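So the protein lines, in turn, are chains F and V.
All residue numbers for the first sequence refer to this note's numbering, where the first residue is 70 and numbers rise by one.
All residue numbers for the second sequence refer to this note's numbering, where the first residue is 622 and numbers rise by one.
In this text, a Cβ means the ideal position worked out from N, Cα and C, and glycines have one as well.
Just so it is clear, the structure is predicted and the values come from calculations on it, not from any experiment.
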Amino acid sequence: MAHHRLASPPAEDGLRKPVGRRRFLGYLIAAPTLVVAAELTRNQIFGAPEASAAALPSVPQTPEAYDLLDALRDAMRPTANLIRIEVGRDGTVSFALPRSDNGQGIVTSTQMIIAEEMDLDVDQVRVTLADARPELLFNQITGGSSTTFTTYTPIRVAAALARGRLLEAGAQLLAQDVRTVTSRKGLVLGAGGRSIPFGELAEKAASDTTRQVEVTLKAREKFSVIGKPHNKTDARDIVTGRKVFATDLQIPDALPTVICRAPDLNGTPDDVDNLDDVRSMPGVTDVEVVSTGVAVRARTFGQAIDAVNALQVSWNRGTVAGEDDESILRRVRAAELPMAVPAGVGRTIDRAFTFWTASNSSLETNCALADVRSDRAEIWGPMKNPIAAQGDIAKIVDLPISKVTVHVTQGGGSFGRKLFYDAALEAAECSKVFGKPVKLMWTRADDSRQGRVHPMSTSRVRAQVGADAVLSYEQRHTSVATQINPGLGEPVTAAAVKAPLGNLTLSESIFELTQVTPYEFGVSTRLLNEVDMRFNTSAMRNIYSPNVATARELMVDELAAAMGKDPYEFRREFLRGARLRGVLDAVAKEGRWGRSMKKGTAQGLGVHTEYKAATAALVEIDCRPETVDRPIREGVTGPRVTRVTFAVDVGLVVNPRGLEAQMMGGISDAIALILTSSLHLTDGHFVEASWDNYFYTRQWNTPPELNVVIVESDAPEPGGAGELGLSAACGAIANAYVRATGIVPEYFPINHKDPFPFEPKPTVPPIPESPTDGLDFTY
Amino acid sequence: MGTHTFTLNGERVTVDVEDDVRLLWVIRDMLGVTGPKYGCGINVCKACTSHINGKAFNPCSVPVGAISDDDEVTTIEGLADGDKLHPMQEAWLDRDVAQCGYCQPGQIMAAVAKVRQCQEEGRDLDDDAIEEIRNICRCGTYNRIREAIKAGAENM
Numbered sequence: 070m071a072h073h074r075l076a077s078p079p080a081e082d083g084l085r086k087p088v089g090r091r092r093f094l095g096y097l098i099a100a101p102t103l104v105v106a107a108e109l110t111r112n113q114i115f116g117a118p119e120a121s122a123a124a125l126p127s128v129p130q131t132p133e134a135y136d137l138l139d140a141l142r143d144a145m146r147p148t149a150n151l152i153r154i155e156v157g158r159d160g161t162v163s164f165a166l167p168r169s170d171n172g173q174g175i176v177t178s179t180q181m182i183i184a185e186e187m188d189l190d191v192d193q194v195r196v197t198l199a200d201a202r203p204e205l206l207f208n209q210i211t212g213g214s215s216t217t218f219t220t221y222t223p224i225r226v227a228a229a230l231a232r233g234r235l236l237e238a239g240a241q242l243l244a245q246d247v248r249t250v251t252s253r254k255g256l257v258l259g260a261g262g263r264s265i266p267f268g269e270l271a272e273k274a275a276s277d278t279t280r281q282v283e284v285t286l287k288a289r290e291k292f293s294v295i296g297k298p299h300n301k302t303d304a305r306d307i308v309t310g311r312k313v314f315a316t317d318l319q320i321p322d323a324l325p326t327v328i329c330r331a332p333d334l335n336g337t338p339d340d341v342d343n344l345d346d347v348r349s350m351p352g353v354t355d356v357e358v359v360s361t362g363v364a365v366r367a368r369t370f371g372q373a374i375d376a377v378n379a380l381q382v383s384w385n386r387g388t389v390a391g392e393d394d395e396s397i398l399r400r401v402r403a404a405e406l407p408m409a410v411p412a413g414v415g416r417t418i419d420r421a422f423t424f425w426t427a428s429n430s431s432l433e434t435n436c437a438l439a440d441v442r443s444d445r446a447e448i449w450g451p452m453k454n455p456i457a458a459q460g461d462i463a464k465i466v467d468l469p470i471s472k473v474t475v476h477v478t479q480g481g482g483s484f485g486r487k488l489f490y491d492a493a494l495e496a497a498e499c500s501k502v503f504g505k506p507v508k509l510m511w512t513r514a515d516d517s518r519q520g521r522v523h524p525m526s527t528s529r530v531r532a533q534v535g536a537d538a539v540l541s542y543e544q545r546h547t548s549v550a551t552q553i554n555p556g557l558g559e560p561v562t563a564a565a566v567k568a569p570l571g572n573l574t575l576s577e578s579i580f581e582l583t584q585v586t587p588y589e590f591g592v593s594t595r596l597l598n599e600v601d602m603r604f605n606t607s608a609m610r611n612i613y614s615p616n617v618a619t620a621r622e623l624m625v626d627e628l629a630a631a632m633g634k635d636p637y638e639f640r641r642e643f644l645r646g647a648r649l650r651g652v653l654d655a656v657a658k659e660g661r662w663g664r665s666m667k668k669g670t671a672q673g674l675g676v677h678t679e680y681k682a683a684t685a686a687l688v689e690i691d692c693r694p695e696t697v698d699r700p701i702r703e704g705v706t707g708p709r710v711t712r713v714t715f716a717v718d719v720g721l722v723v724n725p726r727g728l729e730a731q732m733m734g735g736i737s738d739a740i741a742l743i744l745t746s747s748l749h750l751t752d753g754h755f756v757e758a759s760w761d762n763y764f765y766t767r768q769w770n771t772p773p774e775l776n777v778v779i780v781e782s783d784a785p786e787p788g789g790a791g792e793l794g795l796s797a798a799c800g801a802i803a804n805a806y807v808r809a810t811g812i813v814p815e816y817f818p819i820n821h822k823d824p825f826p827f828e829p830k831p832t833v834p835p836i837p838e839s840p841t842d843g844l845d846f847t848y
Numbered sequence: 622m623g624t625h626t627f628t629l630n631g632e633r634v635t636v637d638v639e640d641d642v643r644l645l646w647v648i649r650d651m652l653g654v655t656g657p658k659y660g661c662g663i664n665v666c667k668a669c670t671s672h673i674n675g676k677a678f679n680p681c682s683v684p685v686g687a688i689s690d691d692d693e694v695t696t697i698e699g700l701a702d703g704d705k706l707h708p709m710q711e712a713w714l715d716r717d718v719a720q721c722g723y724c725q726p727g728q729i730m731a732a733v734a735k736v737r738q739c740q741e742e743g744r745d746l747d748d749d750a751i752e753e754i755r756n757i758c759r760c761g762t763y764n765r766i767r768e769a770i771k772a773g774a775e776n777m
């Protein structure tokens, strides 16, 4: 599938930075064995926005100089505490990463960064996920594709300091000059073939006082780990079934717990007719009314589900009672902000697109374990925002924050949803009400119907075209409000977001900080308006970008056509900056732009810049009836993306194999969002209850050919990867579809208004019964 | 309540539980074998794919009462031969398939069964055969899964 071509790292002077740029301050921490630390902040400086020589340059837009990654970093700066690397007497080098890994590979890349600075093998570094550390304030949130960008330098500073101390201690013990000793694979190596393991130096290298120390980082041209492909370090545990997710934890007496939920979205329980009957069902230990439904605790999840389905509950209506797709869309359209340029002034082109609601459900449903006692509480779960969770849980269980321990478990996918901790709050409430530990899990139907969604939005674009220039380009994005709560990950902005208009302010900040129209289109404006706070929402590999980019890239193809230009040539002429032109050229060459295609099939292009990175996609699609109508049982086929060439310039690449994996995931999501996957709201609830209703990309939708090209970059630092693959791919798939069919869709995914290829599942009882005929389908 | 005995990953196991409890919950919640994952409970996502007497099946959709004394159930934990991984597991490592890893035990068990099925039926393990695999990967690792299945099959 993928190949990459990494250039040898550029020389230091090529990065326009002085030698002193590699010198930082780290901390030696007073401890029995060597403990080093660094502030989780950085002060690297990015180059100023590139000046443009084009005819009608647009003024620099906010993200080009200062984007969400900078905002997240700066949010951390004033209050940041220290991250620590410890060297144990047994030689282990360990680090508790204050982030959440849901498959992005950040544990592996963090091991690589530490291994690089300490001359270790990657598997000699132990990286775990840190418990909630409230003293980190803004500094323990996993979102916005920010992990590597924010942690790269601080981790290197700590690791380089550790190595320096070990070398000094080793030199003393060997009675040799420190300049003559080196280290490799956890040994300090001296002259004459003598060596000492790190473990034997852990005490000698320790400090009895805590103090600041100047540290010099390894020069980039000496890197031997960073930039080399590395497999995920938890892969063996995964393929043998040993990787432990939250619901795999064996916490004593934490029995399976499931909540019976309302037929309406966010409906609440009013009364239960048969509590005692259900309490006596097989395996059931507890049944109680809680704030979001009726909770059942049982010996097995199967018995808890049976009990949930037996409950006779009268419900209060939900937050969108009686509403459906069209009524919500009317509210969104009513909130669309006006364009600055009136229609019909000169030659204007208008386009309007609707993006229907999408589920950001991961394969691991919302889940958490809780053991709440009178004097303390302990919570386990896959949380990307554990400090905020800790604060909210403390309120629910009426304990001080210091008595609430929040353990971050490895997550089974997130894509943005696990910035919220709905299951952890429910688990805490259930454990408190039952007076017993619980292992709470949402069923798939709950996760799909009541879980967080990527909200419905519209994107309107108006461009004014001159003879050989685009005079103005305006985009108005209007969306069902995305909850950015809990702010930047801690109680301060979480509270601000809950204040009146607070979320809108933060949303607009994030929109302004992430969205850029990367073309020289004269007067360029982008505005966001959000409406209707009654849905459970969150990002799904970004909040706005995939939709904003789809609308924009469709419009770019239209503008090219209006000016009689080829879509590639047009982009090449109007794109801002060498990095974007570089990735565009890479996909055009590798993907053979303009090659002859059969009728009903076509190529399409898309570009996007975000997360300190530039991306381009060249997609080929097959829209011929024999492909679209392929019979697949309980699935959606539709147009087939047959080939994807994707180029990415993300600056310094820590792990090319991990980066390729993230691009592949983004492309799979793009196929789903443009062609097959959406939720339908009807009578106040979402119809889709499982993967046979909600058509995420499957093997039969997967492009047989995928080529990810990592292009050479002189950017000195790593950008963000987790969400990066999606937007350019969305634009390219949409454009390929238009070029293959001649139809410009008004909404995405294109199948949203097709008849359901399934019989909707009932909402009462809330959980579809498990079949009993599984042995009829063996193979 | 009934007593159910069968072979799980080579060991005889016995549980006392109602006949209609699905085998997935017996394996996970009662026997503590957690490789097979819950992803839907209705035989759609296939995250719990395991083997019964060598064939792929989904224990979320089989009542424990339907399991016989002489049935041999194999989960991902029982696929390797001690420390020696199955060729499909090796292929998964070699291609660095997994991201979050939640679906991958089911993907591997499905892949092994699909390869065996094709071998027995004398079919090619081509893209059409791979596209019969219905297991969902929400991280979108499908391309690497395809590569790994083909590579793993070479050594089976």
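Straight across, the Cα-Cα distance linking Gly480 of chain F with Ala165 of chain F is about 16 Å.
By the C-beta criterion, the region 753 to 767 of chain F is judged to be in contact with the region 756 to 770 of chain V, since at least 3 inter-stretch pairs fall below 8 Å. Chain-order list of chain V residues neighbouring Arg726 of chain F: Asp717, by C-beta distance under 8 Å. Val688 of chain F has its alpha-carbon roughly 19 Å from the corresponding atom of Glu695 of chain F. Chain F places a beta carbon closer than 9 Å to that of Val683 of chain V, counting this residue as a contact. Close CB contacts of Val656 of chain F within its chain, under the 6 Å cut and outside five residues either way in sequence, are with Ala685, Leu687, Thr714 and Ala716 (chain order).
The three-state secondary structure of Val733 of chain V, taken from DSSP, is helix.
Distance between Gly722 of chain V and Leu706 of chain V, taken at the CA atoms: about 17 Å. Close CB contacts of Arg702 of chain F within its chain, under the 8 Å cut and outside five residues either way in sequence, are absent. Not a single CB atom of chain V sits nearer than 9 Å to the CB of Arg168 of chain F. Ser443 of chain F: not part of any beta strand (DSSP E); DSSP gives it neither H nor E. With fewer than 16 other Cβ atoms inside 10 Å of its own Cβ, Glu283 of chain F counts as exposed. Under the Cβ criterion (8 Å, minimum of three pairs), the region 521 to 537 of chain F counts as touching the region 418 to 436 of chain F.
Runs of the alpha helix (DSSP H) lying entirely within the region 146 to 212 of chain F, each at least 4 residues long, are 175 to 187 in chain order. Chain-ordered, the chain F residues with CB closer than 8 Å to the CB of Gly653 of chain V read Gln319. Contact between Ile663 of chain V and Pro657 of chain V is ruled out by a C-beta separation of about 15 Å, above the 8 Å threshold. Following the DSSP letters along the chain, one finds Arg726 of chain F inside the alpha helix (DSSP H) bounded by residues Pro725 to Ile740.
When the five nearest sequence neighbours on each side are left out, the beta carbons in the same chain lying within less than 7 Å of the beta carbon of Asp718 of chain F are those of Arg648, Gly651, Val652, Ala682, Ala683, Val780 and Ser782, in order along the chain. Looking at the backbone, the Cα of Gly720 of chain F and that of Ala373 of chain F are separated by about 49 Å. Listed along the chain, the chain V residues whose CB falls inside 7 Å of the CB of Pro818 of chain F amount to none; the nearest CB is some 16 Å away.
No Cβ-Cβ contact shorter than 9 Å links Ile320 of chain F with Asp515 of chain F. Around Glu405 of chain F, the same chain offers Thr527, Arg529, Arg545, Thr547 and Asn598 as residues with beta carbons nearer than 8 Å, after the five sequence neighbours per side are excluded. Here the region 342 to 357 of chain F makes no contact with the region 486 to 496 of chain F; the two share fewer than three CB pairs at distances below 8 Å. Using beta-carbon distances, Glu433 of chain F counts as an interface residue toward chain V, with a partner under 9 Å. The residues Ile751, in chain order, have a CB closer than 7 Å to that of Arg767 of chain V in the same chain once the five nearest residues on each side in sequence are set aside. The region 588 to 597 of chain F makes no contact with the region 499 to 507 of chain F; the number of CB pairs closer than 8 Å stays below 3.
For the 9 Å CB-CB criterion, Ala769 of chain V and Val718 of chain V form a contact. Rounded to whole angstroms, the gap between the alpha carbons of Leu623 of chain F and Ala803 of chain F is 7 Å. Residue contact check for Met733 of chain F against chain V: a CB pair falls below 9 Å. In the three-state DSSP reduction, Ile462 of chain F falls in the helix class (H, G or I). For Trp769 of chain F, the nearest CB of chain V lies under 9 Å from its own CB, placing it at the interface with that chain. Sequence-distant Cβ neighbours of Thr626 of chain V in its own chain, meaning closer than 6 Å and more than five residues away, are Thr635 and Asp690. Taking 8 Å as the upper bound for CB-CB distance, Val777 of chain F and Leu714 of chain V are not in contact here, some 20 Å apart. For the 9 Å CB-CB criterion, Gly631 of chain V and Ser671 of chain V do not form a contact. For Gly788 of chain F, no beta strand (DSSP E) encloses it, and the DSSP letter there is neither H nor E. Excluding the 5 residues flanking it on each side, Gly160 of chain F has same chain C-beta neighbours closer than 6 Å at Gly255, Pro266, Phe267 and Gly268, in chain order.
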